[in-house]
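The structure under discussion appears below in the form of structure tokens.
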Amino acid sequence: MFNILYSTKIILFLLILFYFINNSFAVRTQSVAVKGKLLCGQAPARNVRVKLFDEDSGPDPDDLLEAGYSDASGNFQLKGSTVETTNIDVVFKVYHDCDDGIKPGSRKIKFKIPNSYVTEGQNPKKVFDIGTLNLETVFASEERELIVNKKRRNILFNWENELIDDIIF
Numbered sequence: 497m498f499n500i501l502y503s504t505k506i507i508l509f510l511l512i513l514f515y516f517i518n519n520s521f522a523v524r525t526q527s528v529a530v531k532g533k534l535l536c537g538q539a540p541a542r543n544v545r546v547k548l549f550d551e552d553s554g555p556d557p558d559d560l561l562e563a564g565y566s567d568a569s570g571n572f573q574l575k576g577s578t579v580e581t582t583n584i585d586v587v588f589k590v591y592h593d594c595d596d597g598i599k600p601g602s603r604k605i606k607f608k609i610p611n612s613y614v615t616e617g618q619n620p621k622k623v624f625d626i627g628t629l630n631l632e633t634v635f636a637s638e639e640r641e642l643i644v645n646k647k648r649r650n651i652l653f654n655w656e657n658e659l660i661d662d663i664i665f
């Protein structure tokens, strides 16, 4: 009788332990989207590199959710998803040379996306509209990116501002 009662308690304890461990390390897919328009003064900031990251602390490296470029009108839209056990901390980064002269590298600014725009699932259910950003603005936390180790896409335009070609350098 003692053995059966003891075995039942152990099995019950293990089931409860498994339940709590399973729920505390639940892995789920989370997604986010951001859109907006970039200006350099009065002109559209075209072909500006934009990236969406899940910023992680500790040994887990940051996750690039999506990268792209603004179009000829300065508009952009990014969306991405990742699988994490904890809530993701989404950061939107802009790399540009607006009002920068001939300084090496690109100006880099980043914006924290509100947690309320992070949704569960592969496809975002909401889009954070960051609005229109004039990149002439000097942001307090602005940085410089001096080394670009990925291939960069450049779009060439003719004098009539028509798209000529996509080129990868």
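The opening position of the sequence shown corresponds to residue 497 in the working numbering, with each subsequent residue numbered one higher.
Yeah, the Cβ is synthetic: ideal placement off N, Cα and C, and Gly gets one too.
Same chain, Cβ closer than 8 Å to threonine 504, neighbours up to 5 away in sequence not counted: Here the set comprises nothing.
Beta-bridge partners of cysteine 540, as assigned by DSSP: The sequence shown places proline at residue 540, rather than the cysteine named in the question. Per DSSP, Leu535.
Cβ shell of aspartate 596 (< 8 Å), same chain only, five flanking positions each side left out: Excluding sequence neighbours, aspartate 596 sits near Ser602 and Arg603.
Distance CB(lysine 575)-CB(phenylalanine 549) smaller than 8 Å: The answer is no: Cβ separation not under 8 Å.
Cα-Cα separation, histidine 592 to alanine 529: Rounded to the nearest whole angstrom, the C-alpha separation of histidine 592 and alanine 529 is 21 Å.
Beta-bridge pairing of glutamine 526 - partner residues as DSSP gives them: Thr578 and Glu616.
Helix, strand or coil at isoleucine 609 [DSSP, three-state]: coil
Nonlocal neighbours in the same chain, by C-beta distance under 6 Å from aspartate 552, ignoring five residues either side: Asp558
Chain-order list of residues whose beta-carbon lies under 7 Å from that of glycine 570 (same chain, five-residue window excluded): So the list reads Lys533, Leu534, Leu535, Pro540, Ala541 and Arg542, once near-sequence residues are dropped.
Nearest-angstrom Cα separation, counted from glutamine 573 out to aspartate 625: 9 Å
Backbone secondary structure at phenylalanine 635 - three-state DSSP: coil
Neighbourhood of leucine 629 by C-beta distance below 6 Å, restricted to the same chain and skipping five residues each side: These residues qualify, in order along the chain: Leu534.
CB contact flag (glutamine 448, serine 566, <8 Å): Because the chain spans 497 through 665 in this model, residue 448 falls outside it and cannot be assessed.
Length of the line joining the Cα atoms of glutamate 641 and leucine 508: 56 Å
Where leucine 511 falls: helix, strand or coil (DSSP): helix
Sequence-distant residues of the same chain with beta carbon closer than 7 Å to leucine 560, five excluded per side: Lys547 and Phe549
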